[in-house]
Amino acid sequence: MGRLARIPGVAFLLVVLGILFGIFAGGFASLPNLLNIGIQSSTLLLLALPMTFIIMTEGLDLSMGAVLGLTGVVLASALVAGNTLIVAFAAALGVGLAFGIANGLLVVKLGLPPFVATLGTLGIAQGIALVMTGGESVAGIGPALPKLYATKWVGIPFSILVAALMYAAFHFLLYHTRFGNYVFAIGGNREALVLAGVPAGFFHVLVYALAGLMTGFAALLLTGRMNSGHPIAAMGMEFDAIAAVIVGGTERQRGNGWLPGTVLGVLAVGVLRNGLNVMAIQSSLQVASIGLLLIVALLIDSIRKRQL
Amino acid sequence: MTPAPLIEMRHISKAFPGVQALKDVSLAAFGSEVHMLVGQNGAGKSTLIKILCGAYRPNQGEFLVHGKPVHIESTRDARRLGVAVIFQEFSLVPYLDIAQNIFLGREFPGRIPGTVDRGRLHSEARRILDLLGMDVDTRTKTHRLGVAQQQMIEIAKALSQDAKVLVMDEPTAAISDREIERLFEIIRKLRGEGIAIIYISHRMREVFEIGDRITVLRDGANVASLRPSETTMDELVRLMVGREVDTTYRTRFCERPGEAVLDVKALDTKSGIRGANLTLCAGEIVGLAGLVGAGRTELVRAIFGADTRISGEIFLKGRALRGSPAEAVRQGMGLVPENRKTEGLALLRSVHDNMLTAGLRQLFPHGWYTFAKAKRAVEGLIKSLRVVTPSARRPARFLSGGNQQKVVIGKWLNAGSKVFIFDEPTRGIDIGAKAEIYKLMETLVADGAAVLVISSELPELVAVCDRAYVLRNKAIVGELRRTDLTEENILRMAMQHG
Amino acid sequence: MTFGERLKFPFKGLVLLTAGVVLAACGETKNRETIALFTKNQTNPYFQTVRVAAQAAAKESNVDIINYIPTSNDSIPEQMNQIEDAITKRPSAVVFIPVDSKAMIPGVEKFNAAGIPVVNLIDRADGGQFVSFVGCDDYAVAMNTARYLFEKMNGKGNVIIIEGQGGSSNNQKRMAGFRKALEDFPNVKVLASQTGNFQRAMALQVTENLLQAHSQIDGILAANDAMALGVIQALDAANRKALVIGLNGTKEAIDAVKAGKLLATGDCDGFLQGCMGTMAAVRHLRNLPVPPEVVFPITVFDSTNYQGADAPYEQRMCPKWESIVKD
Amino acid sequence: MKYRLIGVALIVLALGLSSDAFATPSNLLNVLRQASLIFLSASGLTLVIVGAGLDLSVGANLGLSACFAAAAIKATGALSSGFAAGLACGIIVGLLNGLMVTKLRLPPFIATYGMLWMLYGVNYWYMKGDTIYGFPSSFRALGSGDLLDIPIPVYLMVIGLLAGGVFTRYTTLGHEVYAIGANAEAARLSGIPVSSRLILLYTLSGAMAGLAGVIYLARLNSAEAGIGTPLLLPAIAAVLIGGTSLFGGSGGLAGTMIGAIILTLVLNGMNLLGINSNWQPLVTGVIILFAALIDSVTRRHAELGA
């Protein structure tokens, strides 16, 4: 029974939106369009997965959008400079990881509130990206990345493959490894973890480092999709990621995390935006309906919580 | 010649900035023995066991196992030497299941490095739970468990470390008598298997019921180490407090109660209270007795308006209450809640600010806050309640349990409350401060206030109350006048089945 | 609380709510040809004029316009998503203003792959096949307008430049145009060049600061009209005088020229481009000839020649294609 | 708090030395004018954060209020109707936020983030991409005018500061807000009507955003749908740099004013020194971290010492 009570309001919303758009938005339910939704949501999912861990440990990471912009530009510049895709990707991962570890140290070791620490690193990452590129996008990255990005395996586009693989990895990490237990513990009862002799600080920093690392993978998709790097292309994505995680049923208190919920949250936003686009709904209504989706999803949860 | 202790701490000293927590303390844990560790709050008990389990490191002192010196630098060292501790605040992770909690930090490695061998984890957990006679599924998430079950999981955690020395910090604080009995059975069984048990407690009855040896700590130093048979309760209290404590909590009882101040008629609440009727008169101290889970807290929270009421009437000084804490406070009711730290105080704010939280409207009816008047009110209360604090500006976090409770009471005095509800006022408070709090109740009632007090400490209820209601599974099952207010009567009423 | 019960409660309220929202706005007709118009953001009036013009041109040649505007302004990933979503609707043709000239190339290639003809409007994309590029020559307009300013300053004095948003290609071309004009007037000295991100408020704040630093400023070049109007606000507040020029020729700028506050604005009129872009797409669908480039003659509106350009957009009609394109 | 004043003094000194135009009285007044706008939009937000809440809709609310005020002035020609429309819009949005957080018990982050999107939607629909411009100079003076050569918005900031100071220190309401921020459940059980106080806070935050919108309209002399968007992060940064903690129960408006001044000094300094504005987010980020580090060190020092 525990599983059923767990389903967040967003699951119902997703089903309803799917049905409504299927009926009213011509071409919505077609396979290419569903693949579109998958492609469009994959980058956001790569940010939302580690964000789930961060929110479970009563943290927050506002810097992911800006760091993704920076790692995207690093990847593109490395490719333009003639490096192989592997080297360029390693550089992007390195930069992302560095920012992740920096966030972790600021929050865990120096005790800064997560909102403030990551707001600071947001500025720094965005600043470096802008200064590096003078605000221009970095193009001419050669064929290697676009070719990789365009590959399909059994008809499934590369970005959806990466997203699915990453979800499996995070699911395994959270539910099948010691690290996963410790993520629940850091959020639920950090004192107990320390008393159990576990270096809680180390794993807590690891949670933030993981977020930084994932911006490297997300950069692969974003730069591949745009065939160029852009310093502020991903601004605001961190807010969408936070919203998707919270709408998906993960709560800041007591380490109450639910990874599948995050996927539902990401898809709900993706389906709504795509559906409204396909129906060519007036743009101002699209904007308002995103806000409505967030609030209705949370409303369902808060009403159900009061009923139980 | 008594056998060599399993583990021994000698000449332990530990100082924190500004306070010498432990001065040359020694403690020995002998196999198959329940070693009671008693002492007031701040006597250094929890510091001592945190040093034993490696959470803190002593400034001086040595550890001996079977007479040979060893080092305990971290919780891992302590665990290696077979020391396991159950702290008062449970060390459970709500959204992990029972097996994951029991083996937190000591998971069995799976095939792939970093993973957990879940099969073995759950089978081992099952084995330990069976040992404790718990038939709960090891996959249940701990946030679904009751307090007593969580207590058992803590013990299972200790047993899973096949601990030779088990330290328990006030394990019976939040569980029912039935569950206490079950706990003592398990303790006796473990003792039989040669395990040394160090048991910290404030409850004198437990010391004599299960203790084999008693060590008394006062102000961070050994005061005495003796057998229960060699001492009496009063002597123990004197040793603990270091001065004569008159445990006569109440001198004059209320002969002629004033007019009915609080009147509850046929109260049903969403939290399960059914048909409660209750009256409270000025000048009276009325007790609410019952087992854990009998619904005493639910009842007072409904009266105070903190929980939603389904039906029934509540009259305060004749006026019907609609049911919100704000209204209750305006009409002169004050609640000293069960958990001070989360519901009674804002720990980060100063004593000054905490004492004013409820009385703002009372002290400053026109809405304009003046420092002078506020300061006078707070200083006055600090003096009259004898709150031990270097200054009114000190955050409440740094005060002892007793002083924190006094601040909460001060909060309600500032609000001019006439009806006080105390929910377990003396839990986690040492003997000295307990007496002061009950004396305070007496002065309140003497000035014409009325007091409703919940307490699981039956001896205190009997010593303090003019009369008492007894609750059983969320209903008031009887009322005991002063004359027949005895522990036996209370227990009989509270435990009657069917 | 069985699963059924749980479903029942939220389902009722929820279905009504969401259905209401979605139904209220749908109802598209299928038969007529549709043109997908991609503009960069919701708030810049310049793109609103483009949308109004496109609507006017579409009504004339009875085609339908579908607008694709990112919910967060100038968002590259969102415009990319909207391209893919548009392709599912199979529009007959696309009029496309890229949010970023390089990042949007893969998007244009998706249109090409889907066999949908694309007209590149206003911001020239650096790749992908287009039926035609319709837009004003940012470089030339900027150069001419700057030259006009320097002539009015009889070739000497101090100026400051308020740049547009770093990433946009038309900003790069406009800066190049300003620099070219500066080469021809050696003793015009550039005191400072800071960005206002094409935003009025930022341009106002930057100008306020620069006015503090430089006591003698004779001319101010703003990369678009919105910023030029912000500059004017700053000058009024500090009651300082300077010759200000902007680019785009928006109606508000024309009014400022009429009021003598703005010296001149380079005509890169959104309305005209909206019309011509849409007409180019329609002509292509009707396989009428469309030149690879339609670049408008450069006019610099000043206090003498702004007539006709200040009519409100709603009443304005699209000019005849032939009057502009002399092949 | 005194560390922040030293921080401001250090920045002023450094910039004064490196650019002679910086330390002139007119430039400093100019900085105060720009800072006062951030302060106005962040003042209501400060009190919400003191009450352990959060209001992400401040920027969007400001933008919508400005547009309604502009339309009202154009329609009726009376400046007072502009104020009324702006404030009304701000108050209604604040009230809705308050109701969502208290009655519907939605987490403040999501409730106000959802409101942000809905406000943008309404704003885009209402303005349809157009601009309303050209307002009488008497109205424009509110934003860009001077009185005894001190910018008028600075007077508003000072008034806001005094009102806020009186509210937080000398009214029972103000103390109740700090109590709620520190421990909402303890406050509720002390008889403080937490829900109605929170609704008041969010309404106040909305009202201040509305007022800031009107002043912004006066300063810009035009209203578009997007003018509020870039103002959210600076408002939050000003509150955080000012030392108000996100966990609630501490901080105040004086800190927010200093935070606003520090942020404006950065942009002003960079413009004067001709530093390319691409460096601006980097410098702001470093300042936010620096201010937060000072906080955590001083708090940790206070804890150990106490």
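Protein chains in written order, with our numbering: chain U, 1 to 308; chain G, 309 to 806; chain P, 807 to 1133; chain B, 1134 to 1439.
Every residue gets a Cβ at the ideal spot worked out from N, C-alpha and C, and that includes glycine.
This one's a predicted model, so the numbers in the text were calculated from it and none came from an experiment.
TODO: Whole angstroms is fine: what's the gap from Ala685/G's alpha carbon to Arg526/G's?
DONE: Cα to Cα, Ala685/G sits roughly 34 Å from Arg526/G.
TODO: Have a look at Ile101/U, Val278/U, Leu130/U and flag the residue whose alpha-carbon is nearest the alpha-carbon of Met214/U.
DONE: Ranking the options by Cα distance to Met214/U, first place goes to Ile101/U.
Task: Any 3 or more C-beta pairs closer than 8 Å across the region 1002–1010 of chain P and the region 1027–1036 of chain P - done: Contact between the region 1002–1010 of chain P and the region 1027–1036 of chain P is established, with three or more Cβ pairs separated by less than 8 Å.
TODO: Name, please, each residue of chain B whose Cβ falls closer than 8 Å to the Cβ of Gln126/U.
DONE: In chain order: Pro1414, Leu1415, Gly1418.
Open item on the list: So, under 8 Å CB-CB, Gly1343/B and Asn1230/B are touching, yes? Tell me the CB distance rounded to an integer number of Å.
Closed with: Not really, about 13 Å apart at Cβ, beyond 8 Å.
TODO: Can you check the region 346–374 of chain G for any beta strand (DSSP E) of at least 3 residues that lies completely inside it and give the ranges in chain order?
DONE: Those beta strand (DSSP E) runs which fall completely within the region 346–374 of chain G and span 3+ residues are 368–373.
TODO: Alpha carbon to alpha carbon, how far is Ile737/G from Gly709/G? Give it in angstroms, no decimals.
DONE: Answer to the nearest angstrom: the Cα atoms are 6 Å apart.
Task: Ordered list of alpha helix (DSSP H) runs contained in the region 494–575 of chain G, each at least 4 residues - done: Counting whole runs of 4 or more residues, the region 494–575 of chain G contains the alpha helix (DSSP H) stretches 512–518, 541–549.
Task: Contact check, Met64/U vs Glu238/U, beta carbons under 7 Å - done: Result yes, Cβ atoms of Met64/U and Glu238/U sit closer than 7 Å.
Task: Assigned secondary structure, His230/U (DSSP; H/G/I helix, E/B strand, else coil) - done: In the structure shown, His230/U sits in coil (DSSP, three-state: anything other than H, G, I, E or B).
Task: Residues, ordered as in the chain, of the region 1228–1254 of chain B that lie near chain U by beta-carbon distance below 9 Å - done: Of all residues in the region 1228–1254 of chain B, Met1233, Leu1237, Arg1238, Leu1239, Pro1240, Phe1242, Ile1243, Ala1244, Tyr1246, Gly1247, Met1248, Leu1249, Trp1250, Met1251, Leu1252, Tyr1253, Gly1254 have a Cβ within less than 9 Å of some Cβ in chain U.
Task: DSSP-derived helix/strand/coil call for Ala831/P - done: Any reading at Ala831/P must be qualified, since the residue scores a pLDDT of 46, below 50, and its modelled position is unreliable; the value itself is stated next. If DSSP states are grouped into helix, strand and coil, Ala831/P belongs with coil.
- [ ] Can you grab the Cα-Cα spacing for the pair Tyr1081/B / Ala1351/B, in whole Å?
- [x] Because chain B spans 1134 through 1439 in this model, residue 1081/B falls outside it and cannot be assessed.
Task: Supposed close pair Ala741/G, Gly642/G - CB separation, criterion 8 Å - done: For Ala741/G against Gly642/G, the beta-carbon gap comes to about 19 Å, at or over 8 Å, which does not count as contact.
Task: Residue(s) in a DSSP beta bridge with Pro157/U - done: Looking at the DSSP assignment, Pro157/U forms a beta bridge with Lys152/U.
Open item on the list: Are the CB atoms of Val715/G and Asn807/G within a distance shorter than 7 Å?
Closed with: The structure shown does not extend to residue 807/G, since chain G spans only 309 to 806, so no value can be given for it.
Open item on the list: Under 8 Å: do the region 1226–1240 of chain B and the region 1324–1342 of chain B share three or more Cβ pairs, one atom per stretch?
Closed with: Between the region 1226–1240 of chain B and the region 1324–1342 of chain B, the count of Cβ pairs shorter than 8 Å is three or higher; the stretches touch.
Open item on the list: Between Glu890/P and chain U, is any beta-carbon pair separated by less than 7 Å?
Closed with: Yes, because at least one Cβ of chain U sits closer than 7 Å to the Cβ of Glu890/P.
- [ ] Determine the contact status of Phe939/P and Asn926/P, defining contact as a CB-CB distance below 7 Å.
- [x] Yes, they are a contact pair.
Open item on the list: For a contact defined as C-beta to C-beta under 8 Å, what are the partners of Asp1263/B on chain P?
Closed with: Within chain P, the residues near Asp1263/B are Pro851, Gln854.
Open item on the list: Can you find the residues in the same chain that come closer than 7 Å, C-beta to C-beta, to Leu1337/B, ignoring five residues on each side of it along the sequence?
Closed with: So the qualifying residues of the chain are Gly1177, Leu1180, Gly1227.
TODO: Would you check if the region 256–275 of chain U and the region 59–75 of chain U touch, i.e. whether three or more CB-CB distances between them fall below 8 Å?
DONE: By the criterion of at least three beta-carbon pairs nearer than 8 Å, the region 59–75 of chain U is not in contact with the region 256–275 of chain U.
Task: Spatial distance of Ala471/G from Gly111/U (CA atoms) - done: Looking at the two C-alpha atoms, the distance is approximately 35 Å.
- [ ] Would you list, in chain order, the members of the region 1304–1334 of chain B that have their beta-carbon closer than 8 Å to a beta-carbon of chain G?
- [x] Cβ contacts with chain G come from Thr1304, Thr1305, Leu1306, Gly1307, His1308, Glu1309, Tyr1311, Ala1312, Ala1315, Asn1316, Glu1318, Ala1319, Ala1320, Arg1321, Leu1322, Ser1323, Gly1324, Ile1325, Pro1326.
Task: Run of the alpha helix (DSSP H) containing His660/G, from where it starts to where it stops - done: From DSSP, the alpha helix (DSSP H) with His660/G extends over 659–664.
Task: Through-space distance from Leu629/G to Gly595/G, alpha-carbon basis - done: Looking at the two C-alpha atoms, the distance is approximately 22 Å.
Open item on the list: According to DSSP, is His1473/B part of a helix, a strand, or is it coil?
Closed with: This structure gives no information on residue 1473/B, because the portion of chain B shown stretches from 1134 to 1439.
TODO: Look up Ser1355/B in the DSSP assignment and give the residues it is bridged to.
DONE: The partner list for Ser1355/B (beta bridge, DSSP) reads Tyr1266/B.
Task: Burial state of Met1123/P, where buried means 16 or more other Cβ atoms lie within 10 Å - done: By the neighbour-count rule (16 or more Cβ atoms within 10 Å), Met1123/P is not buried but exposed.
Open item on the list: Output needed for Ile872/P: all residues of its chain with C-beta closer than 6 Å, excluding positions within five of it in sequence on either side, in chain order.
Closed with: If you ignore the 5 residues before and after Ile872/P, its C-beta comes within less than 6 Å of the C-beta of Thr840, Ala842, all in its own chain and listed in chain order.
Open item on the list: In the DSSP output, which residue or residues are listed as bridge partners for Thr1110/P?
Closed with: Answer is none; Thr1110/P lacks a bridge partner.
TODO: Assuming Thr480/G and Leu491/G form a contact by the criterion Cβ under 8 Å, report the distance between their Cβ atoms to the nearest whole angstrom.
DONE: Going by Cβ atoms, the distance from Thr480/G to Leu491/G rounds to 7 Å, so yes, they are a contact pair.
Open item on the list: Can you confirm whether Asn977/P, when its beta carbon is compared against all beta carbons of chain B, has any partner nearer than 7 Å?
Closed with: No, no contact with chain B.
Open item on the list: My output table needs one value for Pro311/G: the three-state DSSP class, helix, strand or coil.
Closed with: Coil.
Open item on the list: I want to know whether the region 575–582 of chain G touches the region 775–783 of chain G - three or more CB-CB distances under 8 Å.
Closed with: Pairwise C-beta distances place the region 575–582 of chain G in contact with the region 775–783 of chain G, as three or more of them are shorter than 8 Å.
Open item on the list: What would DSSP say about Leu1138/B, mapped onto helix, strand or coil?
Closed with: In the structure shown, Leu1138/B sits in a helix (DSSP, three-state: H, G or I).
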